[in-house]
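Student:
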Amino acid sequence: MKPIMRHKARFHALQALYQVLFTQDIAETVIVQHVDEINPDKVDVEYFRKLTVGILNDPAQLDEKFKPFLTRALSELTPIEHCVLRLATYELLYCSEVPYKVVINEALELNKAFGAQEGFKFVNGVLDKVAKQLRASELIDQGK
Numbered sequence: 004m005k006p007i008m009r010h011k012a013r014f015h016a017l018q019a020l021y022q023v024l025f026t027q028d029i030a031e032t033v034i035v036q037h038v039d040e041i042n043p044d045k046v047d048v049e050y051f052r053k054l055t056v057g058i059l060n061d062p063a064q065l066d067e068k069f070k071p072f073l074t075r076a077l078s079e080l081t082p083i084e085h086c087v088l089r090l091a092t093y094e095l096l097y098c099s100e101v102p103y104k105v106v107i108n109e110a111l112e113l114n115k116a117f118g119a120q121e122g123f124k125f126v127n128g129v130l131d132k133v134a135k136q137l138r139a140s141e142l143i144d145q146g147k
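All letters in the sequence shown, in the order written, are residues 4 to 147 by the numbering used here.
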């Protein structure tokens, strides 16, 4: 699977997560809608499904993983920051085949594309701490 196909899967996942968070639409309906619009030759549809279903299955559990590292209340996050943090936290937890540096870089790119101008700095600080907690052995292996 080409990395660009996973990148596009994250892009679509972020849009689906945002739609559910913002509109309160039914998760499965949103996922089906996005799958119908995705070109499977350009997007890793299975990865999109894995991310969106996994995140929307228990978003509060993901929030609890990064909440201790927030410098403001969860309710004060922008919707994009919130969705990006959930997406990256899910990948750090359940997609160990993806290096933590890739997870963080992808999250920052998504936040830069859709979020507030300086929001990526906040997201980076939170995810760096989440990665140290969830991927400690990977960081040790790299001498961090």
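Each residue gets a CB set at the ideal place from its N, CA and C atoms; glycine is no exception.
Under three-state DSSP, which class holds Glu121?
Tutor: Reduced to three states, the DSSP call for Glu121 is coil.
Student: Expressed to the nearest angstrom, what Euclidean distance is found between the alpha-carbon atoms of Val106 and Leu95?
Tutor: Looking at the two C-alpha atoms, the distance is approximately 7 Å.
Student: Please return the same chain residues whose Cβ sits closer than 7 Å to the Cβ of Val23, not counting the five positions on each side in sequence.
Tutor: Ala30, Val33 and Leu59.
Student: By the three-class DSSP mapping on this structure, what secondary structure does Asn42 have?
Tutor: If DSSP states are grouped into helix, strand and coil, Asn42 belongs with coil.
Student: When we look at the beta-carbon of Val35 and count the other beta-carbons within 10 Å, is it buried (16 or more) or exposed?
Tutor: Under this definition Val35 is an exposed residue.
Student: Just to confirm, is the Cβ distance from Asn114 to Val126 under 7 Å?
Tutor: It is a contact, given that the beta carbons lie within the stated cut-off.
Student: Select from Thr26, Phe123 and Ser99 the residue whose C-alpha is nearest the C-alpha of Leu142.
Tutor: When only C-alpha atoms are compared, the closest one is Ser99.
Student: Which residues mark the beginning and the end of the alpha helix (DSSP H) in which Val56 is found?
Tutor: Segment Val48 to Asn60, the alpha helix (DSSP H) holding Val56.
Student: With DSSP collapsed to three states, give me the class of Thr92.
Tutor: Here Thr92 sits in helix by DSSP.
Student: Less than 8 Å between the CB atoms is what I'm expecting for Leu17 and Val87, so what's the real figure, rounded?
Tutor: That belief holds up - the Cβ atoms of Leu17 and Val87 are roughly 7 Å apart, short of 8 Å.
Student: Classify Pro71: buried if its beta carbon has 16 or more other beta carbons within 10 angstroms, exposed otherwise.
Tutor: With fewer than 16 Cβ atoms within 10 Å of its Cβ, Pro71 is classed as exposed.
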